[in-house]
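First up is the structure itself, then whatever we jot down about it.
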Amino acid sequence: MRGIVKSVDLEFSIVMPVKCEVDLLRRALPLCYRVSPEEVIVCLDDPPHEETVEQVKKIAEACGWADRTRILPVARNPEYSFHQAWVRREGFRRAKHDRILTVDVDLLINRNVIKAVSLVGRENIGLVSCATLHSIAGYLGLWRAMSLRFASYFSSPALTGLYAIWRPYWLDSEDQRVKLLENPKARAVKGSLVLIGEDAYLRNCMKTKHRCLHLRDLGAYCMRGDCNDDRHIQFELGRYYAERARSTEVVFVRALAFGRPHLLRGFIYQMHTRKKIPTPNPETYPY
2 MRGIVKSVDL EFSIVMPVKC EVDLLRRALP LCYRVSPEEV IVCLDDPPHE ETVEQVKKIA
62 EACGWADRTR ILPVARNPEY SFHQAWVRRE GFRRAKHDRI LTVDVDLLIN RNVIKAVSLV
122 GRENIGLVSC ATLHSIAGYL GLWRAMSLRF ASYFSSPALT GLYAIWRPYW LDSEDQRVKL
182 LENPKARAVK GSLVLIGEDA YLRNCMKTKH RCLHLRDLGA YCMRGDCNDD RHIQFELGRY
242 YAERARSTEV VFVRALAFGR PHLLRGFIYQ MHTRKKIPTP NPETYPY
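For the numbering used here, count along the sequence shown from 1 and bump the result up by 1.
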């Protein structure tokens with residue numbers, strides 16, 4: 002594997018979808034500038050939130066990046082069920098460079114992301130993600146951080162929402178069924194469908210033709226709690242694990258390690274009721 006290319010040698014774009022999270026934006030956007038992209042595209046709903054627009058301009062000016070920061074209003078596309086998937090992909094299409102790092106507004110990124118950016122487009126690598134740590138306060142946050150780092154030494158890293166792509170490989174692999182995706186946080190989503198977000202869909206399409214890597218390097222801290230802390234999502238994941246015949250011991254350890262008791266509750270519920278749930282494999286969906 003080739004070494005890390007310094008950010009000054011790379012031409013890449015950052016795409017950041019934002020709604021109206023002004024407080025998060027104030028902390029996240031300046032860190033995007035520190036990794037020296039050629040441009041930062043802030044994707045907003047159309048019409049955009051006025052205060053968010055003002056803050057983007059203010060931050061960019063203060064950091065000396067006003068000429069390399071673009072505000073991209075994205076109108077709703079009725080063909081897409083999951084609006085965020087459309088917003089992010091429109092940012093991908095409008096980016097100046099083929100190397101693209103996508104950063105959510107709740108992420109505090111560091112220079113480890115340069116490794117991901119430097120790898121895409123080389124040796125048939127189409128997507129590279131970095132590890133992220135959700136900053137949860139108190140003993141639970143400490144326990145979860147220790148468990149995550151410990152587990153990373155014994156199992157392969159998982160896909161995260163912090164990733165770089167090589168645009169030509171994305172364009173030749175992702176199909177139109179991305180338009181059918183639902184927001185995994187929606188209460189109507191059941192079973193393993195809570196695992197199939199827009200990032201998982203993109204990765205699954207990409208890996209049919211190109212290589213996808215998931216690095217152990219910690220690329221960002223998340224300022225919000227993990228969506229998997231949602232009781233509904235924990236419960237549905239537990240049901241999915243029961244359908245996949247995961248052992249009680251494995252699910253118990255996972256629930257304990259990450260402080261997610263409703264995972265175990267969903268597992269026990271499904272083991273007793275055996276109600277039918279949608280269970281496409283997130284590792285192969287949509288294929």
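Cβ coordinates follow ideal geometry from the N, Cα and C atoms, glycine included.
All figures in this text were calculated on a predicted structure; none of them were measured in a lab.
Inter-residue spacing [alpha-carbon to alpha-carbon] between residue i and residue j
i	j	result
L32	V41	11 Å
D99	P281	31 Å
E22	T285	33 Å
R232	L196	14 Å
P279	A243	12 Å
R95	Y241	37 Å
R123	P283	26 Å
P79	Y202	19 Å
V6	T209	Note that V6 has pLDDT 41, beneath the 50 cutoff, so the model's placement of it is unreliable and the number below is only indicative. Near 26 Å, if we compare the C-alpha coordinates of T209 and V6.
W66	V252	47 Å
E175	L257	36 Å
L219	L11	20 Å
Y222	D173	31 Å
L26	N229	22 Å
G192	K186	12 Å
E91	C44	8 Å
V75	W167	22 Å
T103	T274	40 Å
E51	R28	18 Å
Classification of residue i by the beta-carbon crowding that lies within 10 angstroms, buried from 16 upward
i	result
V118	buried
D200	buried
R3	Below a pLDDT of 50, predicted positions are generally treated as unreliable, and R3, at 37, falls in that range; the measurement from the model is reported next regardless. Per the 10 Å Cβ criterion, exposed.
L181	exposed
N125	exposed
T249	exposed
L1	With the chain running from 2 to 288 in the structure shown, residue 1 is simply not present.
R178	exposed
A246	exposed
P169	exposed
A61	buried
P38	buried
Within 7 Å, strictly: CB atoms of residue i and residue j
i	j	result
L128	M17	no
A165	V121	yes
C131	L163	yes
S82	E237	no
R217	P158	yes
H211	L160	no
R261	Q235	yes
G239	F268	yes
Identified DSSP bridge partners for residue i
i	result
T133	A221
E40	S14
I101	S14 and I166
T70	V41
V75	D46
I1	The structure shown does not extend to residue 1, since the chain is modelled only from 2 to 288, so the question has no answer here.
Restricting to runs no shorter than 3 residues, where is the beta strand (DSSP E) found entirely within the stretch 208-286?
Considered as a whole, the stretch 208-286 harbours 212-223 as its complete beta strand (DSSP E) runs of no fewer than 3 residues, in chain order.
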